[in-house]
Amino acid sequence: MMHQLLLLRPEDQAGSLVAMLQQRAAAAGVQADCLVHSMVSIGCYDDPNHSLRNILSQTWHGGLMVSVNAANYFAQQAQAWAPEYAMPIARWFAVGPTSAQAIARVVQRPVTCPWRMHNSDALLQLPELQQVAHQRWLLIRGRGGRELVADTLRARGAQVTYLEVYQRVPSKVDLSTIEKWQQQVNGIVVSSAEQLGYFLAALPQHALHWLSQCYWVLASERLAQLLPVAMRQRVVIADSATPFALADAWQRLIKKEDL
Numbered sequence: 056m057m058h059q060l061l062l063l064r065p066e067d068q069a070g071s072l073v074a075m076l077q078q079r080a081a082a083a084g085v086q087a088d089c090l091v092h093s094m095v096s097i098g099c100y101d102d103p104n105h106s107l108r109n110i111l112s113q114t115w116h117g118g119l120m121v122s123v124n125a126a127n128y129f130a131q132q133a134q135a136w137a138p139e140y141a142m143p144i145a146r147w148f149a150v151g152p153t154s155a156q157a158i159a160r161v162v163q164r165p166v167t168c169p170w171r172m173h174n175s176d177a178l179l180q181l182p183e184l185q186q187v188a189h190q191r192w193l194l195i196r197g198r199g200g201r202e203l204v205a206d207t208l209r210a211r212g213a214q215v216t217y218l219e220v221y222q223r224v225p226s227k228v229d230l231s232t233i234e235k236w237q238q239q240v241n242g243i244v245v246s247s248a249e250q251l252g253y254f255l256a257a258l259p260q261h262a263l264h265w266l267s268q269c270y271w272v273l274a275s276e277r278l279a280q281l282l283p284v285a286m287r288q289r290v291v292i293a294d295s296a297t298p299f300a301l302a303d304a305w306q307r308l309i310k311k312e313d314l
């Protein structure tokens with residue numbers, strides 16, 4: 056069977072995943088080809104609620120950048136608008152190892168992340184995030200991000216400040232591209248609820264039958280719950296959104312179904 060995979064992922068973050076999927080395919084003696092498409096474009100955002108210089112001049116008990124994009128855009132803004140300031144002193148945290156590496160490059164300090172499961176729930180279970188009463192935490196994210204981490208830290212007594220450094224814009228998909236996917240794609244890999252939501256919203260009604268015939272590799276159980284019931288027949292859940300975890304989940308699926 057030829058595996059034609061659609062990876063809903065930014066192109067600049069897809070290289071290692073494509074390489075791992077092709078390595079796993081070769082090891083399994085199957086053919087796999089990957090199409091990469093991002094349903095979201097990312098751009099810089101100047102948070103009107105905060106002065107970047109003021110943020111950089113303060114000391115924080117803890118800091119979290121929610122993604123690679125958060126780290127990159129924060130670094131760009133700091134270099135452009137406040138080059139005289141050093142990175143904030145804090146204990147830095149990340150959801151997973153990929154973002155942890157990006158954050159460490161920016162702040163030049165160690166970054167802690169969950170060991171096995173790479174999501175917000177696992178992050179909030181870290182011992183360092185249990186006793187945070189009266190602490191000041193900085194969360195760097197995109198405009199309008201999820202509230203789970205901030206709400207939980209506040210419930211534990213922390214004072215949380217957001218700095219929003221980028222924004223997301225849905226990308227349009229032309230009908231010819233959708234028709235190409237329908238003719239070729241039989242597997243879809245998704246690591247972001249945002250990518251999945253925009254993808255489903257962009258497809259015409261007649262494409263839903265095709266989606267129900269595809270198998271899905273998803274980064275979390277939360278993503279599976281976002282799929283319509285008809286599309287949940289052939290789903291595998293990865294341990295996290297890292298390339299290794301997604302490739303490992305795909306390999307488990309093709310072995311299980313003997314694809």
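Residue numbers (this note's numbering): 56 to 314. All C-beta atoms in this analysis are idealised placements derived from N, C-alpha and C, irrespective of residue type, glycine included.
Assuming residue i and residue j are in contact, meaning their beta carbons sit under 8 angstroms apart, how far apart are those beta carbons, in whole angstroms?
i      : j      : result
Gln163 : His116 : Their Cβ separation, rounded to whole angstroms, is 18 angstroms, which puts Gln163 and His116 out of contact at 8 angstroms.
Val291 : Leu266 : Not really, about 16 angstroms apart at Cβ, beyond 8 angstroms.
Gly118 : Tyr221 : That pair is no contact at about 17 angstroms.
Leu251 : Leu107 : Their Cβ separation, rounded to whole angstroms, is 32 angstroms, which puts Leu251 and Leu107 out of contact at 8 angstroms.
Gly200 : Val284 : Contact flag wrong, Cβ pair sits at about 28 angstroms.
Met142 : Val161 : 7 angstroms
Along the beta strand (DSSP E) that carries residue i, what are the first and last residues, could you check?
i      : result
Leu119 : Gly117 to Met120
Thr216 : Gln214 to Pro225
Asp313 : Looking at the DSSP string, Asp313 is not in any beta strand (DSSP E), and its letter there is neither H nor E.
Val91  : Gln86 to His92
Is it the case that the Cβ atoms of residue i and residue j are separated by a distance below 8 angstroms?
i      : j      : result
Val245 : Leu278 : yes
Gln86  : Gln239 : no
Leu179 : Thr216 : no
Arg195 : Ala125 : Note that residue 195 corresponds to Ile in the displayed sequence, not to Arg. Contact flag set, yes.
Ala302 : Leu76  : yes
Tyr270 : Arg287 : no
Ser295 : Asn174 : yes
Pro165 : Ala159 : yes
On the CB-based measure, 16 or more other CB atoms within 10 Å of its CB, does residue i come out buried or exposed?
i      : result
Trp2   : A query on residue 2 cannot be resolved here, the shown segment of the chain reaching from 56 to 314 and no further.
Gln132 : buried
Ile144 : exposed
Trp136 : exposed
Leu263 : exposed
Asn104 : exposed
Arg223 : buried
Pro298 : buried
Met94  : buried
Asn127 : buried
Glu276 : exposed
Leu181 : exposed
Leu230 : exposed
Ser112 : exposed
Ser96  : exposed
Along the chain, where does the alpha helix (DSSP H) containing residue i start, and where does it finish?
i      : result
Val73  : Gly70 to Ala83
Gln134 : Val123 to Trp136
In chain order, each beta strand (DSSP E) run of at least 3 residues that lies wholly inside the segment 155-224: Listed in chain order, the complete beta strand (DSSP E) runs (minimum 3 residues) inside the segment 155-224 are 191-197.
Start-end ranges of the beta strand (DSSP E) lying completely within the segment 232-307, minimum 3 residues: Positions of the beta strand (DSSP E) runs, each at least 3 residues long and wholly inside the segment 232-307, are given as 242-245, 270-273 and 290-292 in order along the chain.
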